[in-house]
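S.K.: Numbers in the numbering used here are just positions in the sequence shown, counted from 1, shifted up by 1. Ideal placement from N, C-alpha and C gives every residue a C-beta, glycine not left out. If you scroll down you'll find the structure; I have some questions about it.
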Amino acid sequence: MKRIIRKGVSVFFCVVMLLVTGCTPEQMRNLNIGDASSLQVAQLTAKAATDTSQGVGYKKQEKGSEALEKRNDEPEGADVVIQVAVTVELEGVLKAFGEEKLERCYDAAGKYNFSYYRFKKNDKDIVVVMQPYMGMTYCSSLCTRAILAFKPDLVCMVGICAGRASKVNLGDIVVASSVFDYAEGKQYEDKFAARPKTRPMDYMLSEYLSSEIADNKEIVKKICDGYPKAPKDVNISFHSMASGVVVVDDPGVMEQIAQLQDDAVALDMEAYALATAADLMNTKWMVIKTVQDFADGNKAATEGDIRPFAAYSSAKLLDIILEEIDSDDWETIMKY
2 MKRIIRKGVS VFFCVVMLLV TGCTPEQMRN LNIGDASSLQ VAQLTAKAAT
52 DTSQGVGYKK QEKGSEALEK RNDEPEGADV VIQVAVTVEL EGVLKAFGEE
102 KLERCYDAAG KYNFSYYRFK KNDKDIVVVM QPYMGMTYCS SLCTRAILAF
152 KPDLVCMVGI CAGRASKVNL GDIVVASSVF DYAEGKQYED KFAARPKTRP
202 MDYMLSEYLS SEIADNKEIV KKICDGYPKA PKDVNISFHS MASGVVVVDD
252 PGVMEQIAQL QDDAVALDME AYALATAADL MNTKWMVIKT VQDFADGNKA
302 ATEGDIRPFA AYSSAKLLDI ILEEIDSDDW ETIMKY
């Protein structure tokens, strides 16, 4: 019986040593663990573990360190970050800037949890990021992380929006002079009291865009000439834009927005969030969106035909703006 127990203990230690050291059965027999004292076993185990730490285990740790180092890498900075909310807007940006074959970058994926596109245009380093979903929550989160990662002078959002039918046409490009959340306020038992906070565009940017870009027919022609079957009578509008958390297809909402801010001509789901995040990070912002529908109950009937142009034209206007601002003006506008 003692012999059986002794043999069982020996087998047990062999298994332990095999797991710890990775030794072969032949190597285990050479160690003669079955006849070793407890002290000898402990010494052998410690030595084998130390040796192992310089072998397979060490390599695994090295790989882990490399992954951690890569995760902590900071991506190169950029002059401009362009943020979009949906795929058609991303496609519009890449087409407008002539970068349709650009490959996605992932070096910010670990620390900042997003991928991006990078290119250089008009002497400016530009990064493009896309939200995983539409809406203000994802917009503000991504905008903040992008500013932390790239430290840009300017954050821009381009894409599609709904328009106020009495103020703009389908295909009109809206540059937001200010933005606000139309649903911000207090709900009483019998009424809703709106309390929207408005965020105006930076003064220097606003002055430049209102004087050089708004209603500029030459720029409109340049945009439309680069797009087959562009709508007729496109205008560039420099007015206020409302934001909300839901997709709207109800004319009553546009009426509500008009009562809150008569200067508002457009509605989207992200502009106010981007502006708030950028302002709190002391970064200048710009929102440019093209009208694809009127949020009047007929969204499906109009947005399909105009949406690709809306995504392209808003991005193309940004491309032209960045081209028009030379290095001296850029320094003045961005650093003021």
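Where does the unbroken alpha helix (DSSP H) through Val94 begin, and where does it stop?
M.R.: From DSSP, the alpha helix (DSSP H) with Val94 extends over Thr88 to Ala97.
S.K.: Which ranges would you report for the alpha helix (DSSP H) in the stretch 200–282 if only whole runs of at least 4 residues count?
M.R.: Those alpha helix (DSSP H) runs which fall completely within the stretch 200–282 and span 4+ residues are 204–213, 218–226, 252–261 and 272–281.
S.K.: Check Ala316 in the structure and name its three-state DSSP category.
M.R.: DSSP places Ala316 in helix when its eight states are reduced to three.
S.K.: Below 6 Å CB to CB, which residues in the same chain sit around Asn236 once its five sequence neighbours on both sides are set aside?
M.R.: Around Asn236: Asp173.
S.K.: Does the stretch 285–294 come close enough to the stretch 140–157 that 3 or more CB-CB pairs lie under 8 Å?
M.R.: With the cut-off at 8 Å, the stretch 140–157 and the stretch 285–294 touch.
S.K.: Only counting the same chain, and skipping five residues up and downstream in sequence, which positions put a Cβ closer than 8 Å to that of Pro201?
M.R.: Excluding positions up to five away in sequence, the list reads Ser178, Ser179 and Ser207.
S.K.: For Tyr183 and Val89, I'd like the C-alpha separation in whole angstroms.
M.R.: About 25 Å.
S.K.: According to the neighbour-count rule (16 or more other Cβ atoms, all chains shown, within 10 Å of its Cβ), is Phe193 buried or exposed?
M.R.: Exposed: under 16 other Cβ atoms inside 10 Å.
S.K.: When burial is assigned at 16 or more other CB atoms within 10 Å of the CB, is Asp330 buried or exposed?
M.R.: The residue is exposed, with fewer than 16 neighbouring Cβ atoms inside 10 Å.
S.K.: Look at the alpha carbon of Glu325 and the alpha carbon of Pro76, and state the distance between them as a whole number of angstroms.
M.R.: When rounded, the distance between both Cα atoms is 27 Å.
S.K.: Rounded to the nearest angstrom, how far is the Cβ of Leu323 from that of Val81, given a contact under 8 Å?
M.R.: That belief holds up - the Cβ atoms of Leu323 and Val81 are roughly 7 Å apart, short of 8 Å.
S.K.: Count Cβ pairs between the stretch 222–241 and the stretch 138–151 that sit closer than 8 Å; are there 3 or more?
M.R.: With the cut-off at 8 Å, the stretch 222–241 and the stretch 138–151 do not touch.
S.K.: Among Glu219, Arg308 and Ala296, whose alpha-carbon lies nearest the alpha-carbon of Ala243?
M.R.: Of the candidates Glu219, Arg308 and Ala296, the one whose C-alpha sits nearest the C-alpha of Ala243 is Ala296.
S.K.: For a quick check, are the C-beta atoms of Tyr118 and Glu100 less than 9 Å apart?
M.R.: A contact, by the Cβ cut-off of 9 Å.
S.K.: Alpha carbon to alpha carbon, how far is Ser211 from Phe239?
M.R.: One C-alpha to the other measures close to 6 Å.
S.K.: Within 10 angstroms of the Cβ of Ser116, are there 16 or more other Cβ atoms? Answer buried if so, exposed if not.
M.R.: Exposed, because fewer than 16 other Cβ atoms sit within 10 Å of the Cβ of Ser116.
S.K.: Where DSSP assigns a beta bridge to Leu1, which residues make up the other side?
M.R.: Residue 1 falls outside the range modelled here, since the chain spans only 2 to 337, and no answer is possible.
S.K.: Please work out which residues of its chain come closer than 7 Å, Cβ to Cβ, to Glu104, disregarding the five sequence neighbours upstream and downstream, and give them in chain order.
M.R.: Answer for Glu104: no residue qualifies.
S.K.: For Ala301, count neighbouring Cβ atoms within 10 angstroms of its own Cβ and tell me buried if that reaches 16, exposed if not.
M.R.: Ala301 is exposed by the Cβ-count criterion.
S.K.: Hey, Val292 and Leu149: beta-carbon distance below 9 Å or not?
M.R.: No, the Cβ-Cβ distance between Val292 and Leu149 is not below 9 Å.
S.K.: What span of residues does the beta strand (DSSP E) with Ser178 cover, start to end?
M.R.: First-last of the beta strand (DSSP E) with Ser178: Ile174 to Asp182.
S.K.: To the nearest angstrom, how far is it from the Cα of Met270 to the Cα of Met135?
M.R.: Approximately 7 Å, taken between the alpha carbons.
S.K.: Can you tell me where the alpha helix (DSSP H) holding Thr333 begins and where it ends?
M.R.: Thr333 -> alpha helix (DSSP H) spans Ser328 to Lys336.
S.K.: Could you pull the DSSP bridge partners for Phe120 from this structure?
M.R.: Per DSSP, Ile127.
S.K.: Taking 8 Å as the threshold, find out whether the stretch 307–314 comes into contact with the stretch 214–232 through three or more Cβ pairs.
M.R.: These segments touch.
S.K.: Which of the three DSSP states is assigned to Lys300 in this structure?
M.R.: In this structure, Lys300 counts as helix in the three-state DSSP scheme.
S.K.: Should Lys317 be labelled buried (16 or more other beta-carbon atoms within 10 Å of its own) or exposed?
M.R.: Looking at its Cβ environment, which holds 16 or more other Cβ atoms inside 10 Å, Lys317 is buried.
S.K.: Go ahead and label Tyr204 buried or exposed: buried means 16 or more other beta carbons lie within 10 angstroms of its beta carbon, across all protein chains shown.
M.R.: Classification of Tyr204: exposed, given that the 10 Å Cβ count is below 16.
S.K.: Just curious, the beta strand (DSSP E) that Val156 is in, first and last residue?
M.R.: Where Val156 is concerned, the enclosing beta strand (DSSP E) stretches over Leu155 to Gly164.
S.K.: Would you decide whether Ser328 is buried or exposed? Buried here means 16 or more other CB atoms lie within 10 Å of its CB.
M.R.: Answer is exposed; the Cβ neighbour count stays below 16.
S.K.: Measuring alpha carbon to alpha carbon, tell me which residue in Thr303, Leu319 and Ser314 is nearest Ala166.
M.R.: With distances taken between Cα atoms, Ala166 lies closest to Thr303.
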